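Residue numbers (our numbering): 543 to 664.
Even for Gly, the Cβ is constructed at its ideal location relative to N, Cα and C.
All values derive from a computational prediction rather than experimental measurement.
First the structure, in the form of structure tokens, and then the observations on it.
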Amino acid sequence: MERTRIVDPQFNTPSYTNHPRNAPINYFSPWYHNNVLTLCECAMYMNNGVTLPLPQHCQSADDIRRWRKLNTKKFMEEYENDVLALYDIPMEEELECLDRNEDEDDEDNEEDITGDSDEDGK
């Protein structure tokens with residue numbers, strides 16, 4: 543007997559994820575970030591910085607000692623752009639679209655809660 547899954551149209555997927563909220567972008571592999579995370583999730587992590595340089599800067603104990611001694615500002619100046627180049631960072635237009643969609647969703651949710659709607663002109 544074959545079963546068909548019926549999804550309730552009123553069901554909303556949860557707005558939370560199992561991903562840590564304040565993680566640096568390179569908490570995720572570039573592939574996972576670029577292919578699995580949603581635009582909203584990518585936007586959430588895009589300004590969190592990086593915590594490790596690329597692997598070529600971690601080949602010896604001397605390499606590691608060098609970057610470990612840097613303060614955050616110097617570390618970011620030296621290594622952040624190389625790491626970020628591997629990640630698809632949302633563009634300004636995508637972020638604006640995301641903001642508009644969130645605003646529209648907020649308005650829709652407000653209508654659902656209050657029962658108010660301008661659709662019928664009332």
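Worksheet item: Is it buried or exposed for L579, if we count other Cβ within 10 angstroms and need 16 for buried?
Response: Looking at its Cβ environment, which holds 16 or more other Cβ atoms inside 10 Å, L579 is buried.
Practice prompt. Tell me where the alpha helix (DSSP H) around K611 begins and ends.
Written response: Secondary structure note for K611: it is in no alpha helix (DSSP H), with a DSSP letter that is neither H nor E.
Worksheet item: Can the beta-carbon of I606 be found closer than 7 Å to that of Y587?
Response: Taking 7 Å as the Cβ cut-off, I606 and Y587 do not qualify as a contacting pair.
Practice prompt. Please confirm whether P572 and Y629 have their CB atoms less than 7 Å apart.
Written response: A contact, by the Cβ cut-off of 7 Å.
Worksheet entry | C-alpha gap between E636 and N589, whole angstroms | Spanning the two alpha carbons is a distance of roughly 15 Å.
Worksheet item: Should C639 be labelled buried (16 or more other beta-carbon atoms within 10 Å of its own) or exposed?
Response: Under a 10 Å Cβ-count criterion, C639 is classified as exposed, with fewer than 16 other Cβ atoms of the shown protein chains found around its own Cβ.
Worksheet entry | R642 versus E583 - alpha carbon distance | The straight-line gap from Cα to Cα measures roughly 16 Å.
Practice prompt. State the Cα-Cα distance for the pair T614 and E622, rounded to the nearest angstrom.
Written response: Within the model, the alpha-carbon separation for T614 versus E622 is close to 10 Å.
Fill in: Contacts around H575, its chain only, beta-carbon distance under 8 Å, and the 5 residues preceding and following it disregarded
I567, C584, Y587, Y629, D630, listed in sequence order.
Practice prompt. Count the other CB atoms, across all protein chains shown, that sit within 10 Å of the CB of P597; report buried if there are 16 or more and exposed otherwise.
Written response: A residue is called buried once 16 or more other Cβ atoms fall within 10 Å of its Cβ, and P597, having fewer, is exposed.
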